[in-house]
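Participant: Chains as they are written, first to last, in our numbering: chain A, 1 to 511; chain B, 1001 to 1348. Heads up, the beta-carbon is just placed ideally off N, CA and C, and yes, glycines get one too. Fair warning: this is a prediction, and the values are worked out from it, not measured in the lab. A single structure is presented below for examination.
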Amino acid sequence: MDYVIEMLNIRKEFPGIVANDNVTLQVKKGEIHALLGENGAGKSTLMNVLFGLYQPEKGEIRVKGEPVKITDPNIANNLGIGMVHQHFMLVDPFTVTENIILGKEPSKAGRINLNAAHKDVRELSERYGLLVDPEAKIADISVGMQQRVEILKTLYRGAEILIFDEPTAVLTPQEIRELITIMKTLVKEGKSIILITHKLKEIMEVCDRVTVIRKGEGIGTVNVSETNPDELASLMVGRDVVFKTGKSQSKPAGSVLEIADLAVNDSRGVKAVKGLNLTVRAGEIVGIAGVDGNGQSELVEAITGLRKAGAGSIKINGKEIKNSTPRKITESGISHIPQDRHKHGLVLDYTIGENIVLQTYYQKPNSRNGVLNYRNIYQKARALITEFDVRTPSEYTPARALSGGNQQKAIIGREINRDPDLLIAAQPTRGLDVGAIEYIHRRLIEQRDTGKAVLLVSFELDEIMNVSDRIAVIYEGEIVAVVNPNETTEQELGLLMAGSKRKEAGGSTHV
Amino acid sequence: MSRKLLNISIPVISVLLGLLAGAVIMLVSGYDPIQGYSAMLSGIFGDEYYLGETVRQITPYILAGLAVAFAFRTGLFNIGVEGQLIVGWIAAVWVGTEFDFPKVIHLPLAVLAGAAAGAFWAFIPGLLKAKYRVHEVIVTIMLNYTALHVTNYLIVNVLSDKQDKTENIAETASLRSVLFENLTDLSRMHWGIIIALICAIFMWFILEKTTTGFELKAVGFNQHASEYAGMSVKRNIILSMVISGAFAGLAGAMEGLGTFGYAAIKGGFTGVGFDGIAVALLGGNAAIGVVLAAALFGGLKNGALNMPLEAGVPNEIVDIVIALIIFFVASSYFIRWIISRLSKKGAK
Chain A
1 MDYVIEMLNI RKEFPGIVAN DNVTLQVKKG EIHALLGENG AGKSTLMNVL
51 FGLYQPEKGE IRVKGEPVKI TDPNIANNLG IGMVHQHFML VDPFTVTENI
101 ILGKEPSKAG RINLNAAHKD VRELSERYGL LVDPEAKIAD ISVGMQQRVE
151 ILKTLYRGAE ILIFDEPTAV LTPQEIRELI TIMKTLVKEG KSIILITHKL
201 KEIMEVCDRV TVIRKGEGIG TVNVSETNPD ELASLMVGRD VVFKTGKSQS
251 KPAGSVLEIA DLAVNDSRGV KAVKGLNLTV RAGEIVGIAG VDGNGQSELV
301 EAITGLRKAG AGSIKINGKE IKNSTPRKIT ESGISHIPQD RHKHGLVLDY
351 TIGENIVLQT YYQKPNSRNG VLNYRNIYQK ARALITEFDV RTPSEYTPAR
401 ALSGGNQQKA IIGREINRDP DLLIAAQPTR GLDVGAIEYI HRRLIEQRDT
451 GKAVLLVSFE LDEIMNVSDR IAVIYEGEIV AVVNPNETTE QELGLLMAGS
501 KRKEAGGSTH V
Chain B
1001 MSRKLLNISI PVISVLLGLL AGAVIMLVSG YDPIQGYSAM LSGIFGDEYY
1051 LGETVRQITP YILAGLAVAF AFRTGLFNIG VEGQLIVGWI AAVWVGTEFD
1101 FPKVIHLPLA VLAGAAAGAF WAFIPGLLKA KYRVHEVIVT IMLNYTALHV
1151 TNYLIVNVLS DKQDKTENIA ETASLRSVLF ENLTDLSRMH WGIIIALICA
1201 IFMWFILEKT TTGFELKAVG FNQHASEYAG MSVKRNIILS MVISGAFAGL
1251 AGAMEGLGTF GYAAIKGGFT GVGFDGIAVA LLGGNAAIGV VLAAALFGGL
1301 KNGALNMPLE AGVPNEIVDI VIALIIFFVA SSYFIRWIIS RLSKKGAK
């Protein structure tokens, strides 16, 4: 057998939960092996077992055929296992080389031999085509470069098997292309790679084989050449996944949100939104398409009262709400699924139940005369947890303990439950897996069908095309075009988002 | 081991370790630790008088501890409890000496004056933090010195005629309790302990049961999410400091209206406000924990007074013991580690 890593029938329990059960992962030498699973399926747990951070209750780990006990990360390192973390573990003011040698400094009589280290790092970097400048400071290099430093760190420590934890989550499309090339070079040089991901596209492109985990259980291993994204998605989720959410023609009614000539400054005082016009009607989903940083965040913050707006007007159901307080705006019938769920969406130290009433705690029946009615609050939380399929041990669990997808479901449940006239969803599926994305899209469309107005802001063109009834393209703080998703293409949208004006006469900029 | 049990066991183990270390220090420096500690114990519980004095000592510790804990639970670090206590003390004494009302009006008025003065003194850093993002630690530290010197000036020049202390407060403003005095062999135990315990219940209720507490804690945890949820971040920061300062001011009122009955100029800080930080830490910033920790501190401090008399042990030993207890609580990670090690072995 030429397996470099074998994890056989691994079982890992935490109090009250089985994180891994009967998972088998066998990685051949020189292959890129994907570990696929939904958020919270137990991918990270399995890798932490391999890396020595957790001890399995059952099962066996073999490295190159030899049974081993990995009780701490140093042992994993010595066995040639290296981890490229999703959140980089780098010291910003240090140089690339200093970061790489950290903890394993080549020294003579207490003095670090930096020259030798630079040379080693440069050699490694060239050999694997990483093109990293060993003397640059971490703070000065791009995120993509920082990731390469992480890769170099593992190589410098002699890693033969590299674990990549969701490596593309933080990268731009260009950087993703480069990373794929690097991974292929690594494999050619005899390394083996385990790629943790839930992105099917990437698996189809770079991986040789893929092992699927669902709800902690090992589902099996398939050859990438013999499968397709649909099959992988259904293996991962446990049922067929519809990538294109089916929906009927929208039947828009009167306008709910009317924005006229709105101007908003960003935090530096620079105009981010300039004379923007936009209308969202009841019973339709308007998608805002645009490259990040073209005024989307400022627009949403201005509507929801989190940022002061300049000229212009924002009306909800005909009532002016510009520069009103967030509470008044919330009460006037706007729900907001914020772009950053940790910053705005949740108080992570509060329980799920407390987060469910984050905007409504002061209303009856959640409280009476200023005294909270926790029995009611948790009852309501229980109902929402069931209705929105939030996977949590209980309603008393701190929000921090939930996976990203379940945190997002809790937020969406809360916002939809408030029964708004307008639902603003900013990047509602960022960082989520296909199952959760499908679910959230279905919920948004369902809201539309019950006659709500929905404003969707997203950087993902797929999502915009798929869900919206009308697409408004934002560029440098203005809506430059409004198009019908059935009459446009990704190419056309891409051009509009990059600032090229629409040629046809139909492109009225006033919505 | 359950989390709750672990949370309780850490301060308990810290206290035991602190006492043990104190015993070692006594032994090394040639004193008899058993004699020393039994002298301390009889200084705490020995007879009714000592018990009464201990309770008296506990009272301001509870309130100072609540002040620190309340701010801490809402994301603020109030180091200015000492200064708020001093201004509360002098304000209560001022009302107690200057006015002449029947007791049902005069005493509550004097107590509230103390609370209001402490609240005002804490309002300043709260406002600066809310409006200009000035860190409360810096402002409260500086206001401690301001309080000390301003009150000294007021005592000498305004509240008395170039004396180093004010007149005694009117009997109608006094917290002294004939009932408690008779029960405890004429100790200085006063009604303040009741006020302190009510405040502990008040803090628990506000933080755990009310919408106000929900907002205060939310703002402490995550200002952005609180703003998103429609809460006023500024208002809550100020409110938190004001309530914290009111507790501190009450601690001062207890000293002014209960223990002493006057305000005297001070060469330095009373230390009660700073000990409040330790009390809150040891009590895990929870109301009931603060009461228990204050009882321990008050007991140790009061018991220490008896050690030189009965056992010839210098009472500074107790300061060392207290410092060690704080040290062990602060290094609770170490204790957690030992517990997890032990319980793992037990499981095998």
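Please name the residue or residues paired with R111(A) in a DSSP beta bridge.
Facilitator: Along the first sequence, read from residue 1 onward, the residue named residue 111(A) stands at position 111. In the DSSP output, where bridge partners are listed per residue, R111(A) has K108(A).
Participant: Interface residues of chain A around E1227(B) at Cβ under 7 Å?
Facilitator: The residue labelled residue 1227(B) in the question sits at position 227 within the second sequence. Result: L306 and P326.
Participant: Smallest Cα separation from K28(A): which of M7(A), V18(A), Q339(A) and L36(A)?
Facilitator: Translated into the one-based positions of the first sequence, residue 28(A) becomes position 28. When only C-alpha atoms are compared, the closest one is M7(A).
Participant: Hey, how far is the Cα of H1224(B) from the Cα of H344(A)?
Facilitator: Residue mapping note: residue 1224(B) aligns to position 224 of the second sequence, counting from 1. Residue mapping note: residue 344(A) aligns to position 344 of the first sequence, counting from 1. Using only the alpha carbons, I get a separation of about 5 Å.
Participant: Nearest to A233(A) by alpha carbon, out of S255(A), V256(A) and L200(A)?
Facilitator: Residue numbering aside, residue 233(A) sits at position 233 when the first sequence is read from its first letter. The shortest C-alpha separation from A233(A) is found at L200(A).
Participant: For G278(A), which of E258(A), G129(A), L53(A) and E301(A) has the nearest alpha-carbon?
Facilitator: As a working mapping, residue 278(A) is identified with position 278 in the first sequence. With the sequence shown as reference, residue 278(A) is identified as Leu, and Gly is not the correct amino acid for it. Residue E258(A) is the option with its Cα nearest to L278(A).
Participant: Take L81(A) and list the residues in its own chain whose beta-carbon comes closer than 6 Å to its own, dropping the five residues that flank it on each side.
Facilitator: By one-based count along the first sequence, residue 81(A) stands at place 81. Strictly speaking, residue 81(A) in this sequence is Ile, with Leu absent from that position. Excluding positions up to five away in sequence, the list reads I161.
Participant: What residue range does the alpha helix (DSSP H) around P1125(B) cover?
Facilitator: On the second sequence, residue 1125(B) is found 125 positions in, with the first residue counted as 1. K1103 to Y1132 is the extent of the alpha helix (DSSP H) around P1125(B).
Participant: Considering only their Cβ atoms, is the gap separating S313(A) from A260(A) smaller than 8 Å?
Facilitator: In the first sequence, counting from the first residue as 1, residue 260(A) sits at position 260. In the first sequence, counting from the first residue as 1, residue 313(A) sits at position 313. Yes, the Cβ-Cβ distance between A260(A) and S313(A) is below 8 Å.
Participant: Rounded to whole angstroms, how far is the Cβ of A282(A) from the Cβ of K452(A), which I believe are closer than 8 Å?
Facilitator: On the first sequence, residue 282(A) is found 282 positions in, with the first residue counted as 1. On the first sequence, residue 452(A) is found 452 positions in, with the first residue counted as 1. Indeed they touch by this definition, with Cβ atoms about 7 Å apart.
Participant: Below 8 Å CB to CB, which residues in the same chain sit around A169(A) once its five sequence neighbours on both sides are set aside?
Facilitator: For the purposes of this step, residue 169(A) is identified with residue 169 of the first sequence, where counting begins at 1. Once the five neighbours on either side are set aside, the close Cβ partners of A169(A) are Q86 and G431.
Participant: With distance defined between alpha-carbon atoms, name the residue in L36(A), H33(A) and G40(A) nearest to T392(A).
Facilitator: Counted from its first residue, the first sequence places residue 392(A) at position 392. With distances taken between Cα atoms, T392(A) lies closest to G40(A).
Participant: Report the partner residues of P67(A) according to the DSSP bridge assignment.
Facilitator: Position 67 of the first sequence, counted from the start, is the residue given in the question as residue 67(A). Beta-bridge pairing links P67(A) to R62(A).
Participant: Name, in chain order, the residues that DSSP records as bridge partners for N223(A).
Facilitator: Position 223 of the first sequence, counting from 1, holds the residue named residue 223(A). DSSP, once it has assigned bridges, lists R209(A) as partnering N223(A).
Participant: Report the rounded CA-to-CA distance for N22(A) versus T97(A), giving the unit in angstroms.
Facilitator: Counted from its first residue, the first sequence places residue 22(A) at position 22. Counted from its first residue, the first sequence places residue 97(A) at position 97. If I take the Cα positions, the gap works out to 41 Å.
Participant: With a threshold of 8 Å between beta-carbons, can V371(A) be considered close to chain B, or not?
Facilitator: Taking the first residue of the first sequence as position 1, residue 371(A) is located at position 371. Cβ-Cβ to chain B under 8 Å: yes for V371(A).
Participant: Using only CA atoms, which one of E202(A), E476(A) and E487(A) lies nearest to R470(A)?
Facilitator: Against the first sequence, residue 470(A) aligns to sequence position 470. Comparing Cα-Cα distances from R470(A) to each of E202(A), E476(A) and E487(A), the minimum goes to E487(A).
Participant: Let me see if you follow: with CB-CB separation under 8 Å, is V347(A) close to chain B or not?
Facilitator: Position 347 of the first sequence, counted from the start, is the residue given in the question as residue 347(A). Yes, its Cβ sits closer than 8 Å to a Cβ of chain B.
Participant: Kindly list, in the order they appear in chain A, the residues whose Cβ is closer than 7 Å to that of K1004(B).
Facilitator: As a first step, residue 1004(B) must be located in the second sequence, where it is residue number 4. The contacting residues do not exist; K1004(B) stays about 13 Å from chain A at best.
Participant: Could you pull out every residue in the same chain whose Cβ sits closer than 6 Å to the Cβ of N1092(B), ignoring the five residues on either side in sequence?
Facilitator: Start at 1 with the first residue of the second sequence, and residue 1092(B) comes out as number 92. In the sequence as presented, Asn is not what sits at residue 1092(B); that position holds Ala. Cβ neighbours of A1092(B) beyond the five flanking positions: A1110, A1113, G1114, A1253, G1256 and L1257.
Participant: Can you tell me where the alpha helix (DSSP H) holding R1235(B) begins and where it ends?
Facilitator: Walking along the second sequence from the start, residue 1235(B) turns up at place 235. Unbroken alpha helix (DSSP H) run through R1235(B): V1233 to M1254.
Participant: If distances are taken between C-alpha atoms only, which option among A19(A), G246(A) and Q26(A) comes closest to Y54(A)?
Facilitator: Counted from its first residue, the first sequence places residue 54(A) at position 54. For Y54(A), the nearest C-alpha among the options comes from A19(A).
Participant: Measuring CB to CB, does E31(A) end up less than 8 Å from D208(A)?
Facilitator: Translated into positions along the first sequence, residue 31(A) becomes position 31. Translated into positions along the first sequence, residue 208(A) becomes position 208. Yes, they are a contact pair.
Participant: Evaluate the contact criterion for the segment 1152–1163 of chain B versus the segment 1280–1288 of chain B: three or more CB pairs, one atom per stretch, below 8 Å.
Facilitator: Segments in contact, no.
Participant: My output table needs one value for L422(A): the three-state DSSP class, helix, strand or coil.
Facilitator: In the first sequence, counting from the first residue as 1, residue 422(A) sits at position 422. Three-state DSSP puts L422(A) in a strand.
Participant: Nearest-angstrom Cα distance between H1135(B) and L1154(B)?
Facilitator: As a first step, residue 1135(B) must be located in the second sequence, where it is residue number 135. As a first step, residue 1154(B) must be located in the second sequence, where it is residue number 154. Answer to the nearest angstrom: the Cα atoms are 28 Å apart.
Participant: Would N99(A) and L90(A) qualify as a contact pair, given that the criterion is a beta-carbon distance under 8 Å?
Facilitator: Counting from 1 along the first sequence, the entry for residue 99(A) is found at position 99. Counting from 1 along the first sequence, the entry for residue 90(A) is found at position 90. Closer than 8 Å, so yes.
Participant: Counting only the same chain and skipping the five closest in sequence on each side, list residues whose C-beta sits under 6 Å from that of A1039(B).
Facilitator: One-based indexing of the second sequence puts residue 1039(B) at position 39. Here the set comprises N1306, M1307, E1310 and A1311.
Participant: Taking only beta-carbon positions, decide if H441(A) is within less than 8 Å of chain B.
Facilitator: Locating residue 441(A) in the first sequence gives position 441, counting from the first residue. Cβ-Cβ to chain B under 8 Å: no for H441(A).
Participant: Where in the segment 71–149 of chain A do unbroken runs of the beta strand (DSSP E), each at least 3 residues long, occur, reported from the N-terminal end onward?
Facilitator: Runs found: 81–84.
Participant: Interface residues of chain A around K1209(B) at Cβ under 7 Å?
Facilitator: The residue labelled residue 1209(B) in the question sits at position 209 within the second sequence. Chain A residues near K1209(B): V371 and L372.
Participant: Can you check whether the C-beta of L358(A) is within less than 8 Å of a C-beta belonging to chain B?
Facilitator: On the first sequence, residue 358(A) is found 358 positions in, with the first residue counted as 1. So yes, L358(A) belongs to the interface.
Participant: I'd like the list of long-range same chain contacts for H510(A), defined as Cβ closer than 7 Å, with 5 residues on each side in sequence excluded.
Facilitator: Residue 510(A) sits at position 510 when you count from the first residue of the first sequence. At H510(A) the pLDDT is 47, less than 50, meaning the model places this residue with poor confidence and gives no usable figure here.
Participant: Suppose you measure from the CA of G254(A) to the CA of E38(A); what does that come to, to the nearest Å?
Facilitator: In the first sequence, the residue the question calls residue 254(A) occupies position 254. In the first sequence, the residue the question calls residue 38(A) occupies position 38. Those two C-alpha atoms are separated by around 39 Å.
Participant: Taking Cβ positions, are V513(A) and M497(A) nearer each other than 8 Å?
Facilitator: No information on residue 513(A) is available, as it lies outside the stretch 1 to 511 that chain A covers here.
Participant: Would S530(A) pass as an interface residue toward chain B - the criterion being a Cβ-Cβ separation below 8 Å?
Facilitator: Limits of chain A in this structure are 1 at one end and 511 at the other, which puts residue 530(A) out of reach.
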